[in-house]
Structure formats: structure tokens, C-alpha cells
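Residue numbers (the numbering used here): 53 to 161. Where a beta carbon is used, it is the ideal one built from N, C-alpha and C, also for glycine. What follows is a single structure, written as C-alpha cells, with notes after it.
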């Protein structure tokens, strides 16, 4: 499969994630949209890693692994982000009985 298709899919996923994060007010959906954006970046890293590996062929057996290592670290950071973010959302729901982002502006005063 050509790399252009991966790029188009990643751009589409990233745009959907941005649109969802900017238009929605529910905190859980915003976190899901951020995860979609991170997965789009992961898809691009793996696609470019594969492209790099195919260009160098069998001459360098470690070619193309760098992108996959970055994907692993991004997945670890995303898992930590989700656990902390969901804990914040649960505490917000316990205190205010709402997960609407606009309601947080009222808590400033």
C-alpha cells in the first residue's frame, strides 16, 4: 500500500480529532478526540518507518525501527494521560455532578 494513503488517512483522523475537540463540550469526548489525534500521529510514524525500512532494504536491519519506538513511547504517554485525565473527570463529576467543560468557567469565581 502506498504511503500516500496512510498520509491521507492520518490527516483525516487528525482533522476529525481537532474538530471534535473544538466543537464538543463533554470532557470525555474531548479526551477521545485527543486520543484520535495521537493515533493519527502514530499511524504516520509507523508508515514513514516502513517507508524508510523499504528504502534501505536488508543492508541495515535496524532501519525503520526508530518510528516504531516513538510510537511505543507515545502510547505510554497517552495511557498515562488518559488515566490522569479520567481521574480528574471523575473528581469533577463527584464535586459538580457535570462533565461539561463550560461549567468549569463558573468555578473560577
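Check whether residue i and residue j have beta carbons under 8 angstroms apart
{"i": "residue 152", "j": "residue 76", "result": "no"}
{"i": "residue 96", "j": "residue 59", "result": "yes"}
{"i": "residue 80", "j": "residue 72", "result": "no"}
{"i": "residue 93", "j": "residue 120", "result": "no"}
{"i": "residue 126", "j": "residue 156", "result": "no"}
{"i": "residue 100", "j": "residue 137", "result": "no"}
Burial state of residue i, where buried means 16 or more other Cβ atoms lie within 10 Å
{"i": "residue 65", "result": "buried"}
{"i": "residue 62", "result": "buried"}
{"i": "residue 25", "result": "The requested residue 25 does not occur in the structure, where the chain is confined to residues 53 to 161."}
{"i": "residue 135", "result": "exposed"}
Distance between beta carbons of residue j and residue i, contact taken as under 8 angstroms
{"i": "residue 88", "j": "residue 68", "result": "6 angstroms"}
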